[in-house]
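Colleague: If you count the sequence shown from 1, position 499 lands on 503 in the working numbering, and the numbers rise without skipping. The C-beta atom is built at its ideal place from N, Cα and C for all residues, glycine as well.
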Amino acid sequence: MRLFKIKGGIHPDGRKELAENEKIEQMPLPTLMRIPLKQHTGAPANPIVAKGDMVKKGQVMALSRGAVSATIHAPTSGRIIAIGRFVAPHASGLPEPTITLRPDGEDEWDTLPPPLDPFETDPDTLANRIAEAGVVGLGGAAFPAAVKLNLRNRTELHTLIINAAECEPYITCDDRLMRERAEEIIDGVAIICHTIGVKKALIGVEKNKPEAIKALKKQVAKQDRYDIKVIEVPTRYPTGFAKHLVQILTGLEVPARALTAEVGVIVHNVATTFAIQQAVRFGRPLISRIVTVSGEMITRKGNFEVPIGTPISHIIEHCGGFIDEPEKLLLGGSMMGDPVSSTRAPIIKGSNGILALGRKETSQKPIMPCIRCTSCVAACPCGLMPYEMAARIKADELESAVDIGLRDCIACGSCSFVCPANIPLVQYFNYAKGSLTAKQRAAHKQEETKRLVQFHDERMEKIKKEKQAAMARMKAERAAKKRLKEHEEAAKAKTATPEEASSAPKSEKVRAEA
């Protein structure tokens, strides 16, 4: 099959040999588990459990909220001991709404939904089952899988692409998953094809995973329901970005800030595909994921199936701790991973690795002035000018940086990797994006405040007018009642007999005589 070229890209040292031959091992349960309510793109889930509740493995603890969100399930059985804010597994370390669960050690399953025959079930039912299982993209973006599947109702699709490139250095969790669970993955590919209504599927795997490629091809040969091909793609970072993989495999270029569905292609990560198969065939929700633990400073490297909510500290302890204090401790790969702000933070659905890197793996060199060599331009897979964007950001011209492509940067780090001046370009871009987002939020908050003040003023003015109108009505009603009473008294006085007139009150006699 013909492959198409993409612009840019780099060839960092993969370092996958540290963990690629370690089979998937089940991680034991910790004493406490922290399950964040936002483990996905979109709105946080809405908790439906309370402190003190007993839950079983797989039980729904929080429901998806809004059009883009994901349901959260209990990773094991136990008692809810708190619902509050706890440190989140991202660089800021800021606390987020979290459910704290104390496992009871029984690991008892809740009653799961009945298995479905995917090829005898309509696509809407399948998409609903996948949404109920809380399945999100496990390649990093954590976009709710069912939302992506439902794009079939908005656009005409022709190809499913399974992203099995796993281009991040050190990370081998998808590689091991393909080697050990290839049958379930290919079944998942067929299920997705049926759900989105396409006949063709391409599985893109980097050439540095020969055992995984062999395992997948063996299972593809056993099915004839769909046209599924396993394609070896060049070992090059960042081949695993969805839009670049689409271009490599199909030649179709996805417009900036557009979805791949707009060119007729849906992309799912290989681990997501496995999770979808488990949800449909067995009713199992997404409550664990495969995590690679690697780096020179960790005692025991490996790939572990980790229950969602397991603290990073528990995983490090299970792997024998650190050989020496790591120069960097990252959650994710060495190119795009976030520094671990606290080892108390939990593993979430989008976590694919923990790296404890030594000095040799993180050689820090002094930052020098930019020499305008344009190495970053050649390396950028999005065709941007990183050095020019960085210069504008340093001058605090953030909107100007947007004009030349800041919003299109995927923060892959290729520019920083090749920069001979050791300028942390991607940090500039992340800072600028964060600053712009903060400004937009502040502007939105200001506009919302103005709207609320205006609404308040209009409401108070309306209330004032309603009160004035009510007072006027009451005054008019009192006047009318008074006139009516006087009219009745006058009429009564005119028709009264002499005896009635003599017995009438003096005031009435006076009025009658008048």
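Look at the alpha carbon of T104 and the alpha carbon of I39, and state the distance between them as a whole number of angstroms.
Modeller: Each residue's Cα considered, the two are about 6 Å apart.
Colleague: Any idea if E365 is buried or exposed, counting beta-carbon neighbours within 10 angstroms, 16 or more meaning buried?
Modeller: By the 10 Å Cβ count, E365 comes out buried.
Colleague: Measure the C-alpha to C-alpha separation of R515 and K469 and round it to an integer number of angstroms.
Modeller: Its pLDDT being 46, under 50, R515 is placed unreliably in this model, and the coordinates cannot settle the point.
Colleague: If you drop the 5 nearest sequence neighbours on each side, which residues of the same chain put their C-beta closer than 8 Å to that of S439?
Modeller: L402
Colleague: For the beta strand (DSSP E) that N307 lies in, which residues bound it at each end?
Modeller: 306-311
Colleague: Could you give the residue range of the alpha helix (DSSP H) that holds I14?
Modeller: Unbroken run through I14: none, as it is neither H nor E.
Colleague: When the Cα atoms are used, what is the spatial distance from P173 to V64?
Modeller: 35 Å
Colleague: With the cut-off set at 8 Å, would you say N167 and G192 are in Cβ contact?
Modeller: No; because the gap between Cβ atoms is not below 8 Å, this pair is not in contact.
Colleague: Can you give me the Cβ contacts of A169 inside the same chain, cut-off strictly under 8 Å, excluding the 5 residues immediately before and after it?
Modeller: G208, V209, E210, V237, T243, G244, L249
Colleague: Nearest-angstrom Cα distance between T115 and K61?
Modeller: Their Cα atoms are separated by approximately 9 Å.
Colleague: Alpha helix (DSSP H) containing G208: first to last residue?
Modeller: Where G208 is concerned, there is no enclosing alpha helix (DSSP H), although the beta strand (DSSP E) it sits in stretches over 204-210.
Colleague: Shortest alpha-carbon distance to Y230 belongs to which of S81, D461, T163?
Modeller: Nearest of S81, D461, T163 to Y230, Cα basis: T163.
Colleague: Starting from I195, trace the alpha helix (DSSP H) in both directions and tell me its first and last residue.
Modeller: 186-200
Colleague: Check whether the region 17-35 and the region 44-51 touch, using three or more Cβ-Cβ pairs below 8 Å as the test.
Modeller: no
Colleague: How about S404: is its Cβ closer than 7 Å to a heavy atom in the ligand SAM?
Modeller: Among the components of this structure there are no ligands whatsoever, and the ligand SAM is therefore not found.
Colleague: So, for R304: in the same chain, excluding its five sequence neighbours on each side, which residues have a beta-carbon less than 7 Å away from its beta-carbon?
Modeller: C323, G324
Colleague: Taking A573 as the reference, which of R180, I165, R288 has the closest Cα?
Modeller: The question about residue 573 has no answer, for the chain in this structure spans 5 to 518.
Colleague: Tell whether a beta-carbon distance below 8 Å holds between D328 and M301.
Modeller: yes
Colleague: Nearest-angstrom Cα distance between G70 and N434?
Modeller: About 27 Å.
Colleague: Can the beta-carbon of G82 be found closer than 8 Å to that of V53?
Modeller: no
Colleague: Following the continuous beta strand (DSSP E) through G82, name the residue where it begins and the one where it ends.
Modeller: 82-91
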